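For the sequence shown, counting from 1, position 706 maps to 706 in the UniProt record's numbering; every step adds exactly one. For every residue, glycine included, the Cβ atom is placed at its ideal position computed from N, Cα and C. Since the model is a prediction, treat every value here as computed from it, not as a measurement. Notes to accompany the following structure.
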Amino acid sequence: SLKMASDSPESLMTLCTDYCLRNLEGTLCYLLDNETLRLHPDIFLPSEICDKLVNEYVELVKTDSIFEPHESFFTLFSDPRSTRLARVHLREQIVQDQDLEAIRKQDLVELYLTNCEKLTAKSLQTLVSFSHTLISLSLFGCCNIFYEEENPGGCEDDCLVNPTRQVLVKDFTFEGFSRLRFLNLGRLIEGVNVETLLRPLASLAALDLSGIQLNDVGFLTQWKDSLVSLVLYNMDLSEEHIQVISQLRKLRHLDISRDHLSSYYKFKLTRRVLNLFVENLVNLTSLDISGHTMLENCTIPSMEEKMGQTSIEPAKSSIAPFRGLKRPLQFLGLFETSLCRLTHIPAYKVSGDKNEEQVLNAIEAYTEHRPEITSRAINLLFDIARIERCSQLLRALQLVITALKCHKDDKNIQVTGSAALFYLTNSEYRMEQSVKLRRQVIQVVLNGMESYQEVTVQRNCCLTLCNFSIPEELEFQYRRVNELLLNILNQSRQDESIQRIAVHLCNALVCQVDNDHKEAVGKMGFVMTMLKLIQKKLADKTCDQVMEFSWSALWNITDETPDNCEMFLNYSGMKLFLECLKEFPEKQELHRNMLGLLGNVAEVKELRPQLMTSQFISVFSNLLESKADGIEVSYNACGVLSHIMFDGPEAWGICEPHREEVVKRMWAAIQSWDINSRRNINYRSFEPILRLLPQGISPVSQHWATWALYNLVSVYPDKYCPLLIKEGGIPLLKDMIKMASARQETKEMAR
Numbered sequence: 001s002l003k004m005a006s007d008s009p010e011s012l013m014t015l016c017t018d019y020c021l022r023n024l025e026g027t028l029c030y031l032l033d034n035e036t037l038r039l040h041p042d043i044f045l046p047s048e049i050c051d052k053l054v055n056e057y058v059e060l061v062k063t064d065s066i067f068e069p070h071e072s073f074f075t076l077f078s079d080p081r082s083t084r085l086a087r088v089h090l091r092e093q094i095v096q097d098q099d100l101e102a103i104r105k106q107d108l109v110e111l112y113l114t115n116c117e118k119l120t121a122k123s124l125q126t127l128v129s130f131s132h133t134l135i136s137l138s139l140f141g142c143c144n145i146f147y148e149e150e151n152p153g154g155c156e157d158d159c160l161v162n163p164t165r166q167v168l169v170k171d172f173t174f175e176g177f178s179r180l181r182f183l184n185l186g187r188l189i190e191g192v193n194v195e196t197l198l199r200p201l202a203s204l205a206a207l208d209l210s211g212i213q214l215n216d217v218g219f220l221t222q223w224k225d226s227l228v229s230l231v232l233y234n235m236d237l238s239e240e241h242i243q244v245i246s247q248l249r250k251l252r253h254l255d256i257s258r259d260h261l262s263s264y265y266k267f268k269l270t271r272r273v274l275n276l277f278v279e280n281l282v283n284l285t286s287l288d289i290s291g292h293t294m295l296e297n298c299t300i301p302s303m304e305e306k307m308g309q310t311s312i313e314p315a316k317s318s319i320a321p322f323r324g325l326k327r328p329l330q331f332l333g334l335f336e337t338s339l340c341r342l343t344h345i346p347a348y349k350v351s352g353d354k355n356e357e358q359v360l361n362a363i364e365a366y367t368e369h370r371p372e373i374t375s376r377a378i379n380l381l382f383d384i385a386r387i388e389r390c391s392q393l394l395r396a397l398q399l400v401i402t403a404l405k406c407h408k409d410d411k412n413i414q415v416t417g418s419a420a421l422f423y424l425t426n427s428e429y430r431m432e433q434s435v436k437l438r439r440q441v442i443q444v445v446l447n448g449m450e451s452y453q454e455v456t457v458q459r460n461c462c463l464t465l466c467n468f469s470i471p472e473e474l475e476f477q478y479r480r481v482n483e484l485l486l487n488i489l490n491q492s493r494q495d496e497s498i499q500r501i502a503v504h505l506c507n508a509l510v511c512q513v514d515n516d517h518k519e520a521v522g523k524m525g526f527v528m529t530m531l532k533l534i535q536k537k538l539a540d541k542t543c544d545q546v547m548e549f550s551w552s553a554l555w556n557i558t559d560e561t562p563d564n565c566e567m568f569l570n571y572s573g574m575k576l577f578l579e580c581l582k583e584f585p586e587k588q589e590l591h592r593n594m595l596g597l598l599g600n601v602a603e604v605k606e607l608r609p610q611l612m613t614s615q616f617i618s619v620f621s622n623l624l625e626s627k628a629d630g631i632e633v634s635y636n637a638c639g640v641l642s643h644i645m646f647d648g649p650e651a652w653g654i655c656e657p658h659r660e661e662v663v664k665r666m667w668a669a670i671q672s673w674d675i676n677s678r679r680n681i682n683y684r685s686f687e688p689i690l691r692l693l694p695q696g697i698s699p700v701s702q703h704w705a706t707w708a709l710y711n712l713v714s715v716y717p718d719k720y721c722p723l724l725i726k727e728g729g730i731p732l733l734k735d736m737i738k739m740a741s742a743r744q745e746t747k748e749m750a751r
């Protein structure tokens, strides 16, 4: 079912929501005074649509760098007569006091505020306006919501130094929140009296007090008839806590897990504590004790442990206290405990570090609120993907994508997640992945490259992109990928390996793409960036992959793109060409790439006069004799000269070398090539070659063009015969055979 889910297209609702949010002005809104968004007066939207608009908006601001947030977005939902909100999920820096204030008239049923650090005590007052309808509330990680700014009165000097002081609000309680059942206060700031805060709540069903230190939790017993879920992650426990918990007999979910790296922790889990839970909490279906140290042995003897088929039946449990369970647990959290490695664990789902299933369960359970645990779980997944084979690939990929999106600014998750993605997208898993899933991977990889200048993340992201078919699979983010890569290559201090991968990617991105793409990338500074890299390498006297890829990328980006050819000349490209030729006379690949590029420049009539100098013509003529890379260097040099000759004798503005002498050397070169040579070149169009056929001004150019076509269609007929026919080559060849000025051998070849 997961395979199908990842493959199916987005729902119409999702597509429309996305489109409206990206085009608010053109759809739901108009701009008042050129700045404030206003809803069109004839629009009335139910909560199903409004909730999705708000929640998707938050998601887009968080994960899509191109999406621009709107100052006045939340004011669109200020009037419940035209827009209804019921379930709203807001995250991080996106939301401020005035945003919550804007929607205060709405009858919210569910409000999740996660890590909204910009919210202050003003928002506590706004919460009161939802008090009569709110059933579910999360203030997880809203570390400033209990602070208000206070102006110290009458103290002139102090006011200048410290105009606003943060003061803890002590008098707020949930008085009047009569329907509130689910409450998450995770990572609440120290100093707030939790007991006083919660006392007015009549019947709580779920409470999350993650990361809060309370020595006395006796007050929890006031909800012993209603509390079904209790989360005390990272709370320092004691015997008193255990006694209180065991009185909450209605509990179905109990989480007393901890991050074993976070702090020194006196409490140790014992057999007796687990027995107490099993005996008293008879409705328990989910228990999390991850990160705990066991004080004594809770396991059965190892001989018995190893026997029989793996079972989840409580009676066979390897963890002795759990033999008292009536039925297997739905979930048991054992991450970073020794218990997860046992054979018989009485639960359908276990989080742990023993195998892929346990690790994926851990990532799934902890991603939202516990990035510190998630990054370690993803690290374990990375090892599994690297060393063994992942059996639940799609689930693994989706979990890593979710974690990377959710924690865009968490360095540990970005490092481990981007590394795991590299192994999860490599070729052996290729068949199992849908286009949609692979696009999601590309999106999070680009987000990572954007947010993190950190070397490891950049390298992992670039390597992961190499697992995709380029340019096809990156086409939908073409501009953005190129901008990010050029950005990497333009940094003053560079990591060698990243530089190499980035240049390789740049080269692949401009290979075999449309000319408008090449022009757009040229305008981004691509030509300049490559020439700078070449300049640096030349200064170091190194001809490595970066040098060769840079010339190759220039060859690709100038193909039938005159603007880029002109840029190459304007940024002293020819000077670098001559210097590279002189510094690296033996480097065949390099020579081929450079001459391929100059072939592109020579195809542009307006630029040819710039190649018409004694120095350049001599260099091209001497390269006719080159045996580098088979015939490629000689062939490309001859191509450059063929276009120059095509402009006729009057364009030959130099005394040395003589035109006739160069023509003679061109004939000699063409006659020395093997007509069946296999080629290191890829033509997308024959147009630049075909234009040399119907002319009598330069028979040698005509011959070079005919030779080129003959070689390509005879060695690669399936690829090039259709191209020759499609571009009208046949009539041109027939006409040329009738021309008096054409040489006999040219006509033979044309025939």
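(message) Counting beta carbon pairs with one atom in the segment 280-287 and one in the segment 259-268, are three or more of them shorter than 8 Å?
(response) no
(request) Could you have a look at N564 and say whether DSSP puts it in helix, strand or coil? (result) Position 564 of the sequence shown holds residue 564. N564 falls in the helix class under three-state DSSP.
(request) Consult DSSP for L687 and reduce its assignment to one of helix, strand or coil. (result) Residue mapping note: residue 687 aligns to position 687 of the sequence shown, counting from 1. Sequence check: residue 687 is Glu here, not Leu. In the structure shown, E687 sits in a helix (DSSP, three-state: H, G or I).
(message) Under 8 Å: do the segment 569-587 and the segment 527-543 share three or more Cβ pairs, one atom per stretch?
(response) yes
(message) So for C29, helix, strand or coil by DSSP?
(response) Residue 29 sits at position 29 when you count from the first residue of the sequence shown. Three-state result, C29: strand.
(message) Just to confirm, is the Cβ distance from residue 757 to V231 under 8 Å?
(response) Nothing can be reported for residue 757, as the shown portion of the chain is limited to 1 through 751.
(request) For the segment 360-376 and the segment 310-322, state whether three or more C-beta atom pairs, one from each stretch, are separated by less than 8 Å. (result) no
(request) Take residue 755 as the anchor and find which of P717, Y710, I373 and S238 has the nearest alpha-carbon. (result) For the chain, the structure presents residues 1 to 751; residue 755 sits outside this window and is missing.
(message) Assuming contact is defined by CB atoms lying nearer than 8 Å, are L732 and Y720 in contact in what I supplied?
(response) Here residue 732 refers to the residue found at position 732 when the sequence shown is read from its first residue. Here residue 720 refers to the residue found at position 720 when the sequence shown is read from its first residue. Not closer than 8 Å, so no.
(request) Provide the residue span of the beta strand (DSSP E) that contains H89, from first to last. (result) Within the sequence shown, the letter at position 89 stands for residue 89. R87 to R91 is the span of the beta strand (DSSP E), which, as asked, contains H89.
(request) Kindly give me the distance between the Cβ atoms of R592 and N507, rounded to whole angstroms, as I take these residues to be in contact under 8 Å. (result) Here residue 592 is taken as the residue at index 592 of the sequence shown, counted from 1. Here residue 507 is taken as the residue at index 507 of the sequence shown, counted from 1. Actually they are not in contact, since the Cβ atoms of R592 and N507 sit about 14 Å apart, beyond 8 Å.
(message) Am I right that K118 and S78 are in contact with their C-beta atoms under 8 Å? What's the rounded C-beta distance?
(response) Translated into the one-based positions of the sequence shown, residue 118 becomes position 118. Translated into the one-based positions of the sequence shown, residue 78 becomes position 78. About 19 Å; that fails the 8 Å criterion.
(message) Quick check: what's the CA-CA separation for P41 versus S82?
(response) The residue labelled residue 41 in the question sits at position 41 within the sequence shown. The residue labelled residue 82 in the question sits at position 82 within the sequence shown. So the alpha carbons of these two residues sit roughly 8 Å apart.
(request) Look up D208 in the DSSP assignment and say whether it is helix, strand or coil. (result) As a position in the sequence shown, residue 208 is number 208, starting the count at 1. Of the three classes helix, strand and coil, the one that applies to D208 here is strand, per DSSP.
(message) Using a 10 Å radius around the Cβ and a threshold of 16 neighbouring Cβ atoms, would you call M4 buried or exposed?
(response) As a first step, residue 4 is located in the sequence shown; it is residue number 4 there, counting from the start. Confidence at M4 is low in this model, with a pLDDT of 42, below 50, so its placement is unreliable and the value that follows should be read with caution. Its Cβ having fewer than 16 others within 10 Å, M4 is exposed.
(request) Return the CA-CA distance between V167 and L197, expressed in angstroms with no decimal places. (result) By 1-based counting over the sequence shown, the position of residue 167 is 167. By 1-based counting over the sequence shown, the position of residue 197 is 197. Roughly 17 Å between the two C-alpha positions.
(message) Let me check understanding here. Comparing Cα to Cα, which of S136, G191 and L113 lies closest to F146?
(response) Here the question's residue 146 lines up with position 146 in the sequence shown. When each option's Cα is compared against that of F146, the closest is G191.
(message) Which same chain residues end up closer than 8 Å to K250 when comparing Cβ atoms and leaving out the 5 residues on each side of it in sequence?
(response) Your numbering for residue 250 matches position 250 in the sequence shown. Once the five neighbours on either side are set aside, the close Cβ partners of K250 are K224, D225, S226, L227, V228 and N283.
(message) Between S65 and chain B, is any beta-carbon pair separated by less than 8 Å?
(response) Absent here is chain B; the protein component of the structure consists of one chain.
(request) Compute the Euclidean distance between the alpha carbons of E336 and G352, then round it to the nearest angstrom. (result) Translated into the one-based positions of the sequence shown, residue 336 becomes position 336. Translated into the one-based positions of the sequence shown, residue 352 becomes position 352. If you take the alpha carbons of E336 and G352, they lie about 6 Å apart.
(message) Applying the 10 Å Cβ sphere with the 16-neighbour rule, what's the burial state of A396?
(response) Counted from its first residue, the sequence shown places residue 396 at position 396. So A396 ends up on the buried side.
(request) Assuming C143 contacts R84 (C-beta within less than 8 Å), just tell me the rounded distance between them. (result) If you number the sequence shown from 1, residue 143 lands on position 143. If you number the sequence shown from 1, residue 84 lands on position 84. With 8 Å as the limit, C143 and R84 do not qualify as a contact, their Cβ atoms being about 31 Å apart.
(message) Our contact map puts R181 next to S136 with C-beta atoms below 8 Å; I'd like the distance itself, whole angstroms only.
(response) Counting from 1 along the sequence shown, the entry for residue 181 is found at position 181. Counting from 1 along the sequence shown, the entry for residue 136 is found at position 136. The Cβ separation is near 7 Å, so the contact holds.
(message) Can you tell me whether residue 774 is buried or exposed? The criterion is at least 16 other CB atoms within 10 Å of its CB, across all chains shown.
(response) Residue numbering for the chain in the displayed model covers 1 to 751; residue 774 lies beyond these limits and cannot be assessed.
(message) Helix, strand or coil, according to DSSP, for V161 in the structure here?
(response) Along the sequence shown, read from residue 1 onward, the residue named residue 161 stands at position 161. Reliability fails at V161, whose pLDDT of 49 lies under 50, so the model's placement of it is uncertain and the value that follows must be treated cautiously. In this structure, V161 counts as helix in the three-state DSSP scheme.
(message) I need the straight-line Cα distance from D409 to S451, nearest angstrom please.
(response) Residue 409 sits at position 409 when you count from the first residue of the sequence shown. Residue 451 sits at position 451 when you count from the first residue of the sequence shown. The alpha-carbon atoms of D409 and S451 are separated by roughly 7 Å.
(request) To the nearest angstrom, report how far apart G26 and L220 are at their CA atoms. (result) Reading the sequence shown from its first residue, position 26 is the one you call residue 26. Reading the sequence shown from its first residue, position 220 is the one you call residue 220. C-alpha separation (whole angstroms): 52 Å.
(request) Enumerate, from N- to C-terminal direction, the unbroken alpha helix (DSSP H) stretches of 4 or more residues contained entirely within the UniProt domain "Zer-1-like leucine-rich repeats region" (196-337). (result) 239-245, 271-280 and 302-305
(message) Just verifying my parser: in three-state terms, what is the DSSP assignment at K518?
(response) As a working note, residue 518 is residue 518 in the sequence shown. The answer is helix: DSSP assigns K518 an H, G or I state.
(message) Quick check: the Cα distance between L201 and N184, rounded to an integer number of angstroms?
(response) If you number the sequence shown from 1, residue 201 lands on position 201. If you number the sequence shown from 1, residue 184 lands on position 184. Answer to the nearest angstrom: the Cα atoms are 13 Å apart.
(message) Assuming contact is defined by CB atoms lying nearer than 8 Å, are P80 and D99 in contact in what I supplied?
(response) Residue 80 sits at position 80 when you count from the first residue of the sequence shown. Residue 99 sits at position 99 when you count from the first residue of the sequence shown. Against a cut-off of 8 Å, the Cβ pair of D99 and P80 comes out as no contact.
(message) Out of N482, L590 and R684, which one is the CA nearest neighbour of Q545?
(response) Here residue 545 refers to the residue found at position 545 of the sequence shown. The residue with the shortest Cα to Cα distance from Q545 is L590.
(request) State the Cα-Cα distance for the pair Q392 and R691, rounded to the nearest angstrom. (result) In the sequence shown, counting from the first residue as 1, residue 392 sits at position 392. In the sequence shown, counting from the first residue as 1, residue 691 sits at position 691. So the two alpha carbons sit approximately 56 Å from each other.
(message) Tell me the residue span of the alpha helix (DSSP H) that contains V601.
(response) Residue 601 sits at position 601 when you count from the first residue of the sequence shown. Unbroken alpha helix (DSSP H) run through V601: Q588 to A602.
(request) Give a yes or no on whether the C-beta atoms belonging to C29 and L37 are separated by under 8 Å. (result) For the purposes of this step, residue 29 is taken as the residue at position 29 of the sequence shown. For the purposes of this step, residue 37 is taken as the residue at position 37 of the sequence shown. Going by C-beta atoms, C29 is nearer than 8 Å to L37.
(request) Would you mind sorting H132 into buried or exposed? The rule is 16 or more other CB atoms within 10 Å of its CB. (result) As a working mapping, residue 132 is identified with position 132 in the sequence shown. Its Cβ having fewer than 16 others within 10 Å, H132 is exposed.
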